[in-house]
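Novice: Shown below is the structure under consideration.
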Amino acid sequence: MSSTNKPAKILLVSASVGDGHTQAALAIKAAIENHAPATVHVVDFMAGENSYLNTLVKDAYLKLIDIFPDMYDLLYRFSQMPLPGSKVQSLMAISMKRSMLTLINTYRPDAIICTHPFPCGAAAYLKRTHRITQPLIGVITDFAIHRFWRYNETDMYFVATPELKQQLATQGISLPRIHATGIPVNPKFSYIPEQTELAILRQQLGFSNNQPILLIMGGGLGLGDLEQAVLALDALFLPFNLVVVAGRNANLRRRLLAKTYALAHPLKVFGYTRHVPELMSVADLLITKPGALTISEALSMRLPQLLYQGIPGHEEENATYLTQKGAAQWAHNSQTLATTVNKLLTNPEQLENMREMAALIAHPTASQTIATTLWQELFQTDTALSR
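For the sequence shown, my numbering begins at 221 and goes up steadily by one.
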């Protein structure tokens, strides 16, 4: 695509199956708009106003992982298999093509960026059938690659690690089309406060003591058995403060607030909040389900992580990656969680080692790198994208 004097129009398509895909899209939007003249629209592909069918798929997905996680795990692995997986992949793309075409006709973008495989598949189908010609970019927001991401029609991929770049290349995607940039996070997560700032933040939280702060998160939807985690940790005979971010899970927030005065440890409970960077900066340990955006944000803040439970499939693969790199440990249940927290808090050297490993594998400027690469390859060259 050649450069023009007119601002580029970019359509960034996310999916509200959790908060991570949308947060990644917003980080990319901000980076692109800071980099060059562009109009960037972020759209939720699963929103009801865009497609009733997509919303049904989203609701079914959320219910499945909440009520029947073992069944979701089975379906995840089944869809990774070559023959059945390719059939499901094609069916999803075809069923969602109409809503994607509506979005494209509405926004008339010069390029399409997807942070979830469903809209990417629908757009790839439209390219394959010559309904659209715009460059298609996939931003993979996990530390693993599901086959639903792989389409020859995708012109450019951004992945979390060099290992994923090689993996995607072995699956038929040419190396020049793959960029290992890390997962895009908001630049706020690249700022490490000084000790004086941290002391002020602790006071604002209402913690007058100098005890360690354990930050517990369940993603934007407040998933996971966070209430049981709090109770298991409160039984420990160690001094610490608890901070829980319940996300949009209002019932969880109410239940935890009702327990505040009955607990042995100080507890602060937040709902959905924009102050996660500040909370991560004062925390000594993050306890979270292994959603890729949350753990990438924590890596950027050099925050040691204890991964708790996790959605079968991609989140388990995220947890495996971080534990292998030494930036996190993984607790599968509340009993293991309490035992591991006890070991970490009584071994500060191990926490420091995890902090150092987090700094080594973090990519706090991933969104800026993605914006720069996109601009150079799409809008500042007269040559076609290489396949």
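Just so you know, even glycine gets a beta-carbon here, dropped at the ideal spot from N, CA and C.
1) In the DSSP assignment, find the beta strand (DSSP E) that holds Lys229 and state where it starts and stops.
2) Quick one: is Tyr481 buried, meaning 16 or more other Cβ sit within 10 Å of its Cβ, or exposed?
3) Tell me where the beta strand (DSSP E) around Val463 begins and ends.
4) What residues match up with Cys334 in a beta bridge as DSSP calls it?
5) Can you tell me the Cα-Cα spacing of Ala343 and Lys249, whole angstroms?
6) For Leu458, name the three-state secondary structure that DSSP assigns.
7) Terminal residues of the continuous alpha helix (DSSP H) containing Val405?
8) For Phe378, which beta-bridge partners are listed by DSSP?
9) Quick check: what's the CA-CA separation for Ala470 versus Gln555?
10) For Tyr528, count neighbouring C-beta atoms within 10 Å of its own C-beta (all shown protein chains included) and say buried if the count is 16 or more, exposed if not.
11) For the ligand SAM, is there any heavy atom lying closer than 6 angstroms to the beta carbon of Thr543?
12) Go ahead and pull the three-state DSSP assignment for Tyr411.
13) Is the separation between the beta-carbon of Leu526 and that of Leu435 shorter than 7 angstroms?
14) Whole angstroms are fine: how far does the CA of Ala400 sit from the CA of Pro382?
15) Suppose you measure from the CA of Val262 to the CA of Asn567; what does that come to, to the nearest Å?
16) Under a three-way DSSP split, which group does Gln448 fall into?
17) Taking the CB atoms as reference points, tell me whether Phe338 and Ala235 lie closer together than 7 angstroms.
18) Rounded to the nearest angstrom, what separates Gln600 and Pro524 at their Cα positions?
19) Terminal residues of the continuous alpha helix (DSSP H) containing Ile248?
20) Is it buried or exposed for Ala582, if we count other Cβ within 10 angstroms and need 16 for buried?
21) What does Asp264 pair with, by DSSP beta-bridge criteria?
22) Give me the Cα-Cα distance between Ile398 and Leu388, rounded to the nearest whole angstrom.
23) Would you identify the three-state DSSP class for Ala364, choosing helix, strand or coil?
24) Given 8 angstroms as the limit, is there contact between the stretch 482–489 and the stretch 507–519, that is, 3 or more CB pairs closer than that?
25) Would you mind listing the beta strand (DSSP E) stretches within the stretch 459–503 that are 3+ residues and don't spill past its ends, in chain order?
26) So, at 6 angstroms on beta carbons, what are the nonlocal neighbours of Ala484 in its own chain, with the 5 sequence-adjacent residues on each side left out?
27) Could you spell out where the beta strand (DSSP E) holding Gln555 opens and where it closes?
28) Could you compute how far the alpha carbon of Glu414 sits from the alpha carbon of Pro407?
29) So, under 8 angstroms CB-CB, Val405 and Ala247 are touching, yes? Tell me the CB distance rounded to an integer number of Å.
30) Starting from Ile352, trace the beta strand (DSSP E) in both directions and tell me its first and last residue.
31) Between Arg348 and Glu373, is the Cβ-Cβ spacing less than 7 angstroms?
32) Exposed or buried, what is Arg522 when buried is set at 16 or more other beta-carbons lying within 10 Å of its beta-carbon?
33) Is the Cβ-Cβ distance between Thr322 and His241 less than 7 angstroms?
34) Return the first residue and the last residue of the beta strand (DSSP E) that Leu505 is part of.
35) Tell me Met437's beta-bridge partners as DSSP assigns them.
36) Count the other CB atoms, across all protein chains shown, that sit within 10 Å of the CB of Ser394; report buried if there are 16 or more and exposed otherwise.
Specialist: In short:
1) First-last of the beta strand (DSSP E) with Lys229: Ala228 to Ser234.
2) It counts as exposed.
3) Run containing Val463: Asn461 to Val465, per the beta strand (DSSP E) assignment.
4) Val233 and Gly358, per the DSSP bridge assignment.
5) Taking C-alpha positions only, Ala343 is separated from Lys249 by approximately 19 angstroms.
6) Collapsing the DSSP output to three states places Leu458 in coil.
7) Annotation for Val405: no alpha helix (DSSP H) segment contains it, and DSSP assigns it neither H nor E.
8) Phe378 is bridged by DSSP to Val359 and His399.
9) CA-CA distance, Ala470 to Gln555, rounds to 25 angstroms.
10) With 16 or more other Cβ atoms within 10 Å, it is buried.
11) Inclusion of the ligand SAM in the displayed structure is not the case, the ligand content being empty and no account of it being possible.
12) If DSSP states are grouped into helix, strand and coil, Tyr411 belongs with coil.
13) Their beta carbons are not under 7 angstroms apart, which means Leu526 does not touch Leu435 by this criterion.
14) One C-alpha to the other measures close to 5 angstroms.
15) Looking at the backbone, the Cα of Val262 and that of Asn567 are separated by about 44 angstroms.
16) Helix.
17) Taking 7 angstroms as the cut-off, the Cβ atoms of Phe338 and Ala235 count as close.
18) Rounded to whole angstroms, the gap between the alpha carbons of Gln600 and Pro524 is 40 angstroms.
19) Segment Gly240 to His255, the alpha helix (DSSP H) holding Ile248.
20) So Ala582 counts as buried.
21) Asp264 has Ser234 as its beta-bridge partners, per DSSP.
22) So the alpha carbons of these two residues sit roughly 8 angstroms apart.
23) Reduced to three states, the DSSP call for Ala364 is coil.
24) Too few Cβ pairs lie closer than 8 angstroms, so no.
25) Whole beta strand (DSSP E) segments, 3+ residues: 461–465 and 487–490.
26) Counting only Cβ-Cβ distances below 6 angstroms, and skipping sequence neighbours, we find Asp454.
27) Under the DSSP assignment, Gln555 falls outside any beta strand (DSSP E), being part of the alpha helix (DSSP H) whose first and last residues are Ser554 to Leu565.
28) Taking the straight line from one Cα to the other gives about 17 angstroms.
29) 6 angstroms between Cβ atoms; contact.
30) Unbroken run through Ile352: none, as it is neither H nor E.
31) It is a contact, given that the beta carbons lie within the stated cut-off.
32) It counts as buried.
33) Between Thr322 and His241, the C-beta spacing is not below 7 angstroms.
34) Residues Leu505 to Thr508.
35) The bridge partners DSSP lists for Met437 are Val465 and Thr508.
36) Exposed, by the Cβ-count rule.
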